[in-house]
Amino acid sequence: MGSGTWPRIVAHADMDAFYAAVEQLDDPRLRGKPVIVGGPSRRGVVSTASYEARPFGVHSAMPTAQARKLCPDGIFVPPRFDRYVEVSRVVMETFGRFTPTVEPLSLDEAFLDMTGAERLFGPPEAMGTKIRAAVREATRGLTVSVGVAPTKFLAKLASDFRKPDGLTVVRPDEVAAFLDPLPISRIFGVGPKTAPRLERMGLRTIGDAARLPEATLVARLGSLGEHVSRLARGLDPREVVGDREGKSVSSEQTLDQDIVGERAIRPWLRRSADDVARRLRAEGILASGVRVKLKTAGFRILTRQCALPRPTDTAADLLGAADALLPEFDLAVPTRLVGLGAFRLAPAGAAEQRELFGEESREKRRRLDKSLDAANARFGRGSIRRASDVD
Ligand SMILES: [Mg+2]
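In this note's numbering, the protein residues as written are 308 to 698.
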């Protein structure tokens, strides 16, 4: 079967009836029963209904009072958000084992950029199957539906296609056929107000919109027309944006004795830079920000940070940036902790900027760092160091 080429591979993973499923996981008596998680007050609304409750017409955002009428035998449970956050963390960590670029949309769904991951996980079907199995195992039984497609918009539609507990892969050469019959309201941004307007124009399905020239849609709908036209034709250049703000890789050393001055601090920074760079390389990610952290003898925490001219995973680049930050601290103050962190992280394949100049020596440095990693892995950490470390 022709699969077409995949310019990008985007997975969208969405937990099935998440809050209700967590309640059923934690309390076996609730399994197989219509469970409705919702605010306990009279005016509360339904957060999530288990799949057993849905045939009664119960759905999220419905007033709880109405849900009681529709499903009198339903088991109504107040939400336990702390618990959902806890399980969500396990789920997101599981996603993070597949790619460093995970973009959470809420507690229970995320985009994963799986571009270039075929060697690790196999073709897109296998990626989806493995993600689903890993989530089920990590959560001890929760199911997740996964869509794999060349764009975010398609991946999100695909994850919904065989819910619950489903996997749908939309190959590049199947995009038009997949989109064609779907109702126009499935295009995000086409809400309950816009959909009837489009339907009056004869646009009932996504295929209807795809067959009209973009200029026609723009003439009738303005900028929304452009949006609708592009998505209807499967065009969606949005990247999966990893959770860059929250993520960093850092290493810090609490010292046996307080130290003073740059000469004393620098070897500890180097140690942290080596440690951070090794972990970046091990995870296949590059950093474009560096943060230096010092804790004074009086327990004040001081930090300075800067952006790097290009994303990196070498100790030399990290240390160079840290060196440049040191004059911004008052180094006459006794220091009890030295740390270095790398942030603004992105996968190595996507973010690396190839430069005409300096690329060769930089490559050489990376290779050297990598061979040190291999040697250290074999012989134990710190057994092999650069000559310049002995200073
Ligand atoms: Mg969900």
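Backbone N, C-alpha and C define an ideal beta-carbon position, used for all residues, glycine too.
- Task: Could you spell out the range, first to last residue, of the beta strand (DSSP E) harbouring Ser555?
- Result: Ser555 to Ile566
- Task: Kindly confirm or deny that the segment 390 to 406 and the segment 427 to 444 touch, where touching means at least three C-beta pairs closer than 8 Å.
- Result: Yes, the segment 390 to 406 touches the segment 427 to 444.
- Task: Measure the CB-CB distance between Met322 and Leu419 and report whether it falls below 8 Å.
- Result: no
- Distance between beta carbons of Ser555 and Gly648, contact taken as under 8 Å: At roughly 5 Å, the Cβ-Cβ gap stays under 8 Å, so Gly648 and Ser555 are in contact.
- Task: For Val344, write down the residues that DSSP places opposite it in a beta bridge.
- Result: Thr355 and Val384
- Message: On the criterion of 16 or more Cβ atoms from any shown chain inside 10 Å, does Lys500 qualify as buried, or is it exposed?
- Response: exposed
- Query: Applying the criterion that 16 or more other CB atoms from any shown protein chain within 10 Å of the CB defines a buried residue, is Thr642 buried or exposed?
  - Reply: buried
- Which residues bound the beta strand (DSSP E) around Ile608? Ile608 to Thr619
- Message: Out of Ala571, Ser557 and Ala374, which one is the CA nearest neighbour of Arg598?
- Response: Ser557
- Query: Going by beta carbon distance, what residues of the same chain come within less than 6 Å of Leu505, once the five residues before and after it are set aside?
  - Reply: Ile491
- Query: Would DSSP call Asp637 helix, strand or coil?
  - Reply: DSSP places Asp637 outside both helix and strand once states are collapsed to three, so it counts as coil.
- How is Glu546 classed by DSSP in three states: helix, strand or coil? coil
- Query: Taking 7 Å as the line, does the beta carbon of Met322 fall inside it for any heavy atom of ligand 1?
  - Reply: Distance from the C-beta of Met322 to the nearest heavy atom of ligand 1 is below 7 Å.
- Query: If you draw a straight line from the alpha carbon of His319 to that of Tyr391, how long is it in whole angstroms?
  - Reply: The alpha-carbon atoms of His319 and Tyr391 are separated by roughly 19 Å.
- Query: Using a Cβ-Cβ cut-off of 8 Å (strictly less than) and excluding sequence neighbours within five positions of Glu359, which residues of its own chain qualify?
  - Reply: Gly339, Lys340, Pro341 and Val342
- Task: With distances taken Cα to Cα, identify the nearest neighbour of Pro370 among Leu633, Pro386, Arg349 and Gly381.
- Result: Arg349
- Task: Give me whichever residues DSSP pairs with Gly416 in a beta bridge.
- Result: Per the sequence presented here, residue 416 reads as Glu, with Gly not at that position. Answer is Asp321 and Ser413.
- Item | Straight-line Cα distance separating Gly381 from Gly473 | 25 Å
- Looking at C-beta atoms only, is the number of pairs between the segment 631 to 645 and the segment 597 to 612 that lie closer than 8 Å three or more? yes
- Taking 7 Å as the cut-off, is the CB of Glu410 close to at least one heavy atom of ligand 2? The model depicted lacks ligand 2 and carries ligand 1 instead.
- Query: Distance, Cα to Cα, Thr312 vs Pro479?
  - Reply: 7 Å
- Message: Does chain C have any CB closer than 8 Å to the CB of Arg390?
- Response: Of the protein chains in the structure, only one exists, and it is not chain C.
- Cβ of Asp415 within 7 Å of any heavy atom in ligand 1? yes
- Query: Can you name the start and end residues of the alpha helix (DSSP H) that Arg518 belongs to?
  - Reply: Ile513 to Arg518
- Quick one: is the Cβ of Phe468 within less than 7 Å of any heavy atom of ligand 1? no
- Message: For Gly345 and Leu625, what's the separation of their Cα atoms in angstroms?
- Response: The C-alpha of Leu625 is placed about 49 Å away from the C-alpha of Gly345.
- Alpha carbon to alpha carbon, how far is Val583 from Asp676? Give it in angstroms, no decimals. 12 Å
- Task: Counting only the same chain and skipping the five closest in sequence on each side, list residues whose C-beta sits under 7 Å from that of Leu538.
- Result: Phe460 and Ile494
- Task: Decide if Gly454 is buried, meaning its Cβ has at least 16 other Cβ atoms within 10 Å, or exposed.
- Result: Per the 10 Å Cβ criterion, buried.
- Straight-line CA distance for Ser354 to Pro386? Approximately 8 Å between the Cα atoms of the pair.
- Message: Counting C-beta neighbours from all protein chains within 10 Å, is the total for Val548 16 or more, i.e. buried, or is it exposed?
- Response: An exposed status is given to Val548, since fewer than 16 other beta-carbon atoms sit within 10 Å of its beta-carbon.
- Item | Whole-Å CB distance - Pro314 paired with Pro457, under 8 Å assumed | 6 Å
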